[in-house]
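The block underneath contains the structure these notes are about, expressed in structure tokens.
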């Protein structure tokens, strides 16, 4: 009898809960063994989202970084740690294929270091193109030069791959700008929505983000929903996702 | 009677305790509002040092970063948070003048961003020197370029100012190298000792640092003391400092 009712609960949970994949925190790209270029993100919003969805009964996988804020452990919450864009790419692809929703809140590095050289060396060079194909051999790049030059290359735009990996996944992206008008923010969010085949973009401005307060616009093709706190972002996204699923 | 014996204890503490300044963690230099170049350092060793010295009765000031590991609060421990080299310079100068010892364990950025530009723009420029005097106006530097170029300039070598600020302070510096021979490590540490008029340099190799394990050499002019753990570094430095004071 006990075994039977336990099974019933499991079946019910499977029906109610969805498989939600959340990314959170900021990636870091190594310059050498002691320095990185880091994208700032405390991971607080992603942590709140992971907690909220898992408490409501969804099966949540959170991809985040060592330094990011993390939610408390739960049986229906799995946490995977990554550091850089390459880790993220490798970790995300198989998970996107096995989840119903991706909430991609991670601040992903746009560029990654290729080569660092003394300014004089760069200034003397005939063809700067050559630096794009070099690699520092030292574990810790040292220099006494007054100026240095770091060459960086664009990282893959991971959000643009998601619908190719899994055309049926619901894709929720984020767009963070700094000190722009509401019009510009919504315009950039709408372009990201179309370009990445996303279902919803959470558009926010760094100037509007505090510990509790977090003004944002949830931008869909035909609708914009303003929200004011991280908790409200979690609630609104939860309703959005579970309403869509019911349709 | 109670008041009297309390006063006696206080007097005893003042004689026994020393004013120790410790720096710990890694500085971050902003590229823009969302990205920084960060020097890796958990702050664990500095935290252990601050705890050890304050538990032994010294009056400790710890300068560290928001993200670094910190010791538990104590009445004889003051913590000041900084982010970048410039903050450190401003915070450190007055404190060096009022402390007897500086243990400078912070991983300080050697270079700070000046200007970021698209690779094509840099390639086309007649004189690269001009980029060293430009400043990005955007709060978030955006680009669709395949490659970018970041110009960086050397930061002030803070450790070299310490004895000018306070000639009587005991200066304990750190030298971190990556994957070098013992000979090279000791050689670089000795040069730092002389160049910065330090009293002792803790020389360590990233390859020898773990959570508990932390192989290092305490390098003085005429002596090298090998140690194996963070706790041992704390004990050895404590004896060194308090033995010197007693002389």
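Residue numbers (this note's numbering), protein chains in the order written: chain A, 1 to 247; chain B, 1001 to 1247.
Beta carbons are placed, not taken as given, at the ideal position from N, Cα and C, and that holds for glycine.
Quick check on residue i - is its C-beta less than 7 Å from some C-beta in chain A?
i, result
"residue 1035(B)", "yes"
"residue 1240(B)", "no"
"residue 1008(B)", "Note that residue 1008(B) scores a pLDDT of 43, beneath 50, so its modelled location is shaky; the value from the coordinates is reported in the next line. Answer no: the Cβ-Cβ gap between residue 1008(B) and chain A never drops below 7 Å."
"residue 1185(B)", "no"
"residue 1206(B)", "yes"
Just to confirm my understanding: we take residue i, look at its own chain, exclude 5 residues before and 5 after, and list those with CB closer than 7 Å. What are they?
i, result
"residue 233(A)", "45, 202, 214, 216, 227"
"residue 136(A)", "32, 115, 116"
"residue 1118(B)", "1143, 1145, 1148"
For residue i, return the contacting residues in chain A, with the cut-off set at a CB-CB distance below 9 Å.
i, result
"residue 1038(B)", "28, 35, 36, 37, 38"
Comparing the C-beta of residue i with each C-beta of chain B, is any distance below 7 Å?
i, result
"residue 227(A)", "no"
"residue 128(A)", "yes"
"residue 123(A)", "yes"
Closer than 8 Å by C-beta to residue i: which residues in its own chain qualify, once you throw out the five before and the five after it? Chain order, please.
i, result
"residue 28(A)", "36, 37, 38, 39, 65, 83, 84, 109"
"residue 237(A)", "49, 103, 172, 200, 202, 218"
Residues of chain B with a CB under 7 Å from the CB of residue i: which are they?
i, result
"residue 146(A)", "1153, 1154"
"residue 111(A)", "1148"
Given that residue i touches chain A, what residues does it touch there, using C-beta distances under 7 Å?
i, result
"residue 1140(B)", "177, 178"
"residue 1132(B)", "147"
DSSP has residue i in a bridge; who is on the other side?
i, result
"residue 1036(B)", "38(A), 1030(B)"
"residue 1080(B)", "1063(B)"
"residue 1131(B)", "Answer is none; residue 1131(B) lacks a bridge partner."
"residue 102(A)", "21(A), 171(A)"
"residue 201(A)", "173(A), 219(A)"
"residue 118(A)", "148(A)"
"residue 227(A)", "216(A)"
Applying the criterion that 16 or more other CB atoms from any shown protein chain within 10 Å of the CB defines a buried residue, is residue i buried or exposed?
i, result
"residue 1130(B)", "exposed"
"residue 148(A)", "buried"
"residue 1070(B)", "buried"
"residue 1073(B)", "exposed"
"residue 256(A)", "Lying outside 1 to 247, the shown extent of chain A, residue 256(A) is not represented and no answer is given."
"residue 61(A)", "buried"
"residue 94(A)", "exposed"
"residue 1099(B)", "buried"
"residue 1097(B)", "exposed"
For residue i, collect the residues of the same chain with a Cβ closer than 6 Å to its Cβ; drop the 5 residues on either side in sequence, then sort them by chain order.
i, result
"residue 1090(B)", "none"
"residue 174(A)", "105, 202"
"residue 1141(B)", "1032, 1116"
"residue 160(A)", "196"
"residue 1058(B)", "1017, 1018, 1020"
"residue 51(A)", "71"
"residue 1220(B)", "1200"
What residues from chain B crowd round residue i, counting only those whose CB sits closer than 9 Å?
i, result
"residue 31(A)", "1037"
Since residue i meets chain B, which of its residues come closer than 8 Å, beta carbon to beta carbon?
i, result
"residue 107(A)", "1034"
Check: When Cβ atoms are compared, which residues of the stretch 62–81 of chain A fall closer than 7 Å to chain E?
Finding: No chain E appears in the structure shown, which is made up of the protein chains A and B.
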